[in-house]
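Numbering (the numbering used here), first residue to last: 25 to 124.
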Amino acid sequence: MEERVRESPVVPDSVMDSINRTLINVEEVRAHLPEFLSLFDPEVLAEMPPLQRAQSLLLLAKVTSTLFAVRLRCSGVHPDEHPVKSELVGLLMLCFVFNV
25 MEERVRESPV VPDSVMDSIN RTLINVEEVR AHLPEFLSLF DPEVLAEMPP LQRAQSLLLL
85 AKVTSTLFAV RLRCSGVHPD EHPVKSELVG LLMLCFVFNV
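Written out as structure tokens, the structure reads:
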């Protein structure tokens, strides 16, 4: 479903190119997200070594927070103005502490 945004006499070409790249990237996320989430089955996680399990769960947390921030922005809410901001800051600090 590669849907390109039409050219506009008002919107600069660079902005339209960015919009089209974003649409393509969103479609790629939509296509691969179910496969990615299937790896977070409790049985699959139980078979992983503890460090790999922790890295996987941290990656899931990063993906979730990124998608949530995108959803907020698409809804017209700046993530810095949302109450979840303190949770995201905590996650970033953990990433810094553990060099992830």
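Ideal Cβ positions, reconstructed from N, Cα and C, are used throughout, including at glycine.
- When S99, A93, L91 and L61 are compared, the shortest CA-CA separation from L81 is found for L61.
- Cβ-Cβ separation between A85 and L115: approximately 6 Å, consistent with a contact (criterion under 8 Å).
- In the structure shown, S99 falls within a coil segment according to DSSP collapsed to helix, strand and coil.
- In this structure, L96 lies near P103, with their beta-carbon atoms less than 8 Å apart.
- For L61, the enclosing alpha helix (DSSP H) begins and ends at D37 to S62.
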